[in-house]
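Numbering (mature numbering (1 follows the signal peptide of the UniProt record, and there is no 0)), first residue to last: -18 to -1, 1 to 295.
The beta carbon of each residue, even a glycine, is placed where N, CA and C say it ideally should be.
This structure is a prediction, so every number in the text was calculated from the model and none was measured.
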């Protein structure tokens, strides 16, 4: 009869028999509650059994102990104090799963669920802990006729991969390597830049992926057309007219200044022709010759001045 009972116990070892020698990965996020599964076959009650949850890499390694139909937490590692519990109402059904609350990054590791029906029979649960953050996109600045976008995600663990996509889902090359830093808790902050031109649909996506915990978050941004510097096709004509106008004004100013200088220095003179009344119209031949010579000099001076002005312009 005793041999038969032992055989029955052999057949009623933990239901997760496929994981007796393997590892079951469980993913949790920082601050969440997580359940580490461990169950005897449904026909066996665990109320009168001892349940030992341990994490071998810690000292002490005890995570949660159940003995003599009650919790025995004297040997429990202090880092788990007040954060572990069994489902007491489920023990009768063979459910010995552990609930761990307010998960921390330091909780990541391999946990063993041991029911001492027979020696060396245990289930190993691997707990992966992640911290995630939805990225934030900022329109940082204009660069030429393009816009620079910045994407940042902080408080991430494990280290995420950041990528940019356009409206058609095509990967955009980042403007330089991704910037990475870590805080005291070991979480990562990643930052990436991209330079984008104006297009028909100025919608861009920043995606953050954490492959180890199979997690992905993304953020989209639409850049208004007004943010892109406008290219003016007729501006060259306006600029040309403005430049020519400025040159013309400057040339006139220089010519006027030169003319004033010539007059001031006495190089260029203007003489008034003497007019007399009809009673004194007759003059001597010498006076007429002198008058004609004076007019010739004035004409020569005027022509020379006009020539100088034209050369300056």
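On the CB-based measure, 16 or more other CB atoms within 10 Å of its CB, does residue i come out buried or exposed?
i, result
"residue 21", "buried"
"residue 134", "buried"
"residue 61", "exposed"
"residue 119", "buried"
"residue 69", "exposed"
"residue 67", "exposed"
"residue 198", "exposed"
"residue 174", "buried"
"residue 64", "exposed"
"residue 7", "exposed"
"residue 30", "exposed"
"residue 41", "exposed"
"residue 153", "exposed"
"residue 104", "buried"
"residue 80", "buried"
"residue 84", "exposed"
"residue 129", "buried"
"residue 111", "buried"
If you follow the beta strand (DSSP E) that residue i is in, where does it begin and where does it stop?
i, result
"residue 92", "91 to 96"
"residue 199", "197 to 204"
"residue 135", "128 to 138"
"residue 124", "118 to 125"
"residue 144", "143 to 147"
"residue 49", "44 to 49"
"residue 161", "161 to 164"
"residue 29", "Where residue 29 is concerned, there is no enclosing beta strand (DSSP E), given that its DSSP letter is neither H nor E."
"residue 67", "66 to 68"
"residue 174", "170 to 178"
What would DSSP say about residue i, mapped onto helix, strand or coil?
i, result
"residue 230", "helix"
"residue 15", "coil"
"residue 301", "For the chain, the structure presents residues -18 to 295; residue 301 sits outside this window and is missing."
"residue 3", "At residue 3 the pLDDT is 41, less than 50, meaning the model places this residue with poor confidence; the figure from the coordinates comes in the next sentence. If DSSP states are grouped into helix, strand and coil, residue 3 belongs with coil."
"residue 282", "Because the pLDDT at residue 282 is just 43, under 50, the model does not fix this residue reliably, and the value given afterwards should be weighed accordingly. Of the three classes helix, strand and coil, the one that applies to residue 282 here is helix, per DSSP."
"residue 77", "strand"
"residue 99", "coil"
"residue 193", "helix"
Tell me the DSSP bridge mates of residue i?
i, result
"residue 10", "111"
"residue 185", "204"
"residue 59", "Answer by DSSP bridge pairing: none, since residue 59 is not bridged."
"residue 83", "None, per the DSSP bridge assignment."
"residue 104", "96"
"residue 53", "48"
"residue 154", "146"
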